[in-house]
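Undergrad: Quick one: the structure is below, questions incoming.
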Amino acid sequence: MASQPDASGSHEPERDVEAAAKRDNDRFPQRGKAPLPLKDRVVRLTWAWFPACMATGGMANLIAQQPFTFRGLMVIGRIFYIFNLCLFSLFTILIAARFTFKPRALTTSLHHPSESFFFGAFWVSIALILVGAQSYGGPATGDWFVAAMRVLFWIYYACELIVAVFQYHVIFESEKLAASEALPSWILPAYPFLVTGTLAGTVAQAQPQWSAVQIIIAGLTGQGLGWMLALFIYVVYLTRLIHHNLPEPSKRPGMYIAVGPAAFTSSGLVSLGNQAQSAIPSGFLGIESIPVGDLWLGLSVAAALFLWLMAIWFSALATLSVVRQARRMTFTPSWWSFVFPNVGLALATISIGGALGSTAIQAVGSGMTVILVVIWFFCAYSHIRAVVRRDILAVGKDLDVEAVNRKHDEKKSQNRWISRSSDHLA
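Numbering (the UniProt record's numbering) for the sequence shown: 1 to 426.
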């Protein structure tokens, strides 16, 4: 959400982002000019670029879960996984360089009305890297890898808890957000917990029983926190849709973010249930009359089915909204929302199909995977094209990051003035 600081220091939302972008295009013509200095590009890279890593890592993990395989499928998955490692490393280096050039922009980026929510995407990307490490590296390694994944899981769990509390606290304390501007991206600080079920289920399958039980329980509690936080934001988002207009055309791909909470929770519950069936010992919770692991799986599948259609509904709603305004859309990094939330829906479909023993449902999930691969390449092409054409990462183009960087410059000037005043008084 583009915004301009007013005299009181608050952010007034830009009412017509499309018109503002056109106005800036007229003021700052980019094409046909000399190459921009690398620094001018780097200082405009934001947390909103990390959904590209979420999409790429998600595709790698989705390919690893395919029910119908062919020779070379795992090679394709490994290519996606390795490419995601490179992409994540590159973006991390570039955003670190941005905050090196503009150190005061870091704190502003963590509470700015639009950029701050995407900080969660950075942590989701890490979770998906860990899932891929277990899926592709686990079978080829030894006991050291099992222990390493156990340690990494608990470190990540602690970090995501800190992020979920800290991120929302900073936003609540520093910003006043209007319900009329609510977007599904407001859920993103909770997204690291929304993939905890999938991460825990994947890591637990290679762990000894005592560790697997601990990870499964932690995965369920984390998934519950992520789902409940998302549910609260759902209420605000649906209130906006009922009482106000739909998002601007270029922000409508972000509507797919609403698919993720129900989809990843559905997928995560089945994954945890499958692992609980084999890992939960007899007599767990003092229950001797029935196998607790089997009961856990049955309840997990029922809960997953309860949420599955909700994810499909959000995906259909977003698709219809995008199609109706497709010709007015210009590329933004939020286009990667076409991919990563629907990866969760495909995973949920495949998981539910496997639990129900339905080849038809699994085939639908595989068909969704093929479509998502095509969409991934379309988003990658559009992203590269936008950078080359200077539609993003250019002066006057990235309205949100311009506001964050302007805040940095204001803080820098203010601190310099205070320093000079102190020297003068001394």
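Ideal Cβ positions, reconstructed from N, Cα and C, are used throughout, including at glycine.
Can you tell me whether residue 102 is helix, strand or coil according to DSSP?
TA: One-based indexing of the sequence shown puts residue 102 at position 102. If DSSP states are grouped into helix, strand and coil, residue 102 belongs with coil.
Undergrad: Going by the beta-carbon positions, is the gap between residue 350 and residue 66 smaller than 9 Å?
TA: Here the question's residue 350 lines up with position 350 in the sequence shown. Here the question's residue 66 lines up with position 66 in the sequence shown. Result yes, Cβ atoms of residue 350 and residue 66 sit closer than 9 Å.
Undergrad: Under the rule that 16 or more other beta-carbon atoms within 10 Å means buried, what is residue 391, buried or exposed?
TA: Looking up residue 391 in the sequence shown gives position 391. By the 10 Å Cβ count, residue 391 comes out buried.
Undergrad: Please report the straight-line C-alpha distance between residue 62 and residue 347, rounded to a whole angstrom.
TA: Residue numbering aside, residue 62 sits at position 62 when the sequence shown is read from its first letter. Residue numbering aside, residue 347 sits at position 347 when the sequence shown is read from its first letter. Linking residue 62 to residue 347 through their CA atoms gives a straight-line distance of about 6 Å.
Undergrad: Rounding to the nearest angstrom, what Cα-Cα distance links residue 263 and residue 137 in this structure?
TA: By one-based count along the sequence shown, residue 263 stands at place 263. By one-based count along the sequence shown, residue 137 stands at place 137. If you take the alpha carbons of residue 263 and residue 137, they lie about 25 Å apart.
Undergrad: Identify every run of the alpha helix (DSSP H) within the stretch 275-353, keeping only runs that are complete inside it and at least 4 residues long; order them along the chain.
TA: Correct list: 292-324.
Undergrad: Can you name the start and end residues of the alpha helix (DSSP H) that residue 157 belongs to?
TA: Position 157 of the sequence shown, counted from the start, is the residue given in the question as residue 157. First-last of the alpha helix (DSSP H) with residue 157: 143-174.
Undergrad: Report buried or exposed for residue 28, applying the criterion of at least 16 other Cβ atoms within 10 angstroms of its Cβ.
TA: The count along the sequence shown starts at 1 and reaches residue 28 at position 28. Low local confidence applies: a pLDDT of 49 at residue 28 is under 50, so the model's placement there is unreliable, and no value is given.
Undergrad: Can you tell me whether residue 45 is helix, strand or coil according to DSSP?
TA: As a position in the sequence shown, residue 45 is number 45, starting the count at 1. It is coil, neither helix nor strand.
Undergrad: Among 240, 220, 205 and 258, whose alpha-carbon lies nearest the alpha-carbon of residue 230?
TA: Along the sequence shown, read from residue 1 onward, the residue named residue 230 stands at position 230. The shortest C-alpha separation from residue 230 is found at 258.
Undergrad: Beta-carbon separation of residue 219 and residue 199 under 9 Å?
TA: Mapped onto the sequence shown, residue 219 falls at position 219. Mapped onto the sequence shown, residue 199 falls at position 199. Against a cut-off of 9 Å, the Cβ pair of residue 199 and residue 219 comes out as a contact.
Undergrad: According to DSSP, simplified to helix, strand and coil, what is residue 231?
TA: The residue given as residue 231 occupies position 231 in the sequence shown. Of the three classes helix, strand and coil, the one that applies to residue 231 here is helix, per DSSP.
Undergrad: Ends of the alpha helix (DSSP H) at residue 35?
TA: Walking along the sequence shown from the start, residue 35 turns up at place 35. Run containing residue 35: none; DSSP gives neither H nor E here.
Undergrad: Here's a check: name, in chain order, each residue in its chain whose Cβ is nearer than 7 Å to the Cβ of residue 302, leaving out the five neighbours to either side.
TA: For the purposes of this step, residue 302 is taken as residue 302 along the sequence shown, with counting starting at 1. Result list for residue 302: empty, nothing under 7 Å.
Undergrad: Which whole-angstrom value describes the C-beta separation of residue 94 and residue 56, a residue pair presumed to lie in contact below a C-beta threshold of 8 Å?
TA: Reading the sequence shown from its first residue, position 94 is the one you call residue 94. Reading the sequence shown from its first residue, position 56 is the one you call residue 56. So it is not a contact: roughly 16 Å between Cβ atoms.
Undergrad: On the CB-based measure, 16 or more other CB atoms within 10 Å of its CB, does residue 334 come out buried or exposed?
TA: Against the sequence shown, residue 334 aligns to sequence position 334. By the neighbour-count rule (16 or more Cβ atoms within 10 Å), residue 334 is buried.
Undergrad: Mind checking which residues open and close the alpha helix (DSSP H) that includes residue 62?
TA: Mapped onto the sequence shown, residue 62 falls at position 62. Its alpha helix (DSSP H) spans residues 51-64.
Undergrad: Please say whether residue 316 and residue 252 have beta carbons closer to each other than 9 Å?
TA: Translated into the one-based positions of the sequence shown, residue 252 becomes position 252. Translated into the one-based positions of the sequence shown, residue 316 becomes position 316. Residue 252 places its beta carbon 9 Å or farther from that of residue 316.
Undergrad: Check whether the stretch 325-342 touches the stretch 376-391, counting contact only when three or more Cβ pairs, one atom from each stretch, lie closer than 8 Å.
TA: yes
Undergrad: Under a three-way DSSP split, which group does residue 72 fall into?
TA: Start at 1 with the first residue of the sequence shown, and residue 72 comes out as number 72. Correct three-state label for residue 72: coil.
Undergrad: Look at the Cβ atom of residue 185, then the Cβ atom of residue 114, and state whether they are nearer than 9 Å.
TA: Locating residue 185 in the sequence shown gives position 185, where the first residue counts as 1. Locating residue 114 in the sequence shown gives position 114, where the first residue counts as 1. Result yes, Cβ atoms of residue 185 and residue 114 sit closer than 9 Å.
Undergrad: Between the alpha carbons of residue 161 and residue 72, how many angstroms are there, rounded?
TA: Looking up residue 161 in the sequence shown gives position 161. Looking up residue 72 in the sequence shown gives position 72. In a straight line, the C-alpha of residue 161 is about 38 Å away from that of residue 72.
Undergrad: Near residue 21, what residues of its chain come up, given a Cβ to Cβ distance below 6 Å and the 5 sequence neighbours on each side ignored?
TA: Numbered from 1 along the sequence shown, position 21 holds the residue referred to as residue 21. Here the model assigns residue 21 a pLDDT of 49, short of 50, so the residue's position is not dependable, and the following value carries that caveat. Sequence-distant partners of residue 21 (beyond 5 residues in either direction) whose C-beta falls short of 6 Å from its own C-beta are missing from its chain.
Undergrad: Between the stretch 271-287 and the stretch 203-223, can you find at least three pairs of beta-carbon atoms closer than 8 Å?
TA: Judged by pairs of C-beta atoms under 8 Å, the stretch 203-223 touches the stretch 271-287, as three or more such pairs exist.
Undergrad: Report the CB separation of residue 267 from residue 344 in whole angstroms; it is logged as a contact under 8 Å.
TA: Counted from its first residue, the sequence shown places residue 267 at position 267. Counted from its first residue, the sequence shown places residue 344 at position 344. Contact flag correct, Cβ pair sits at about 6 Å.
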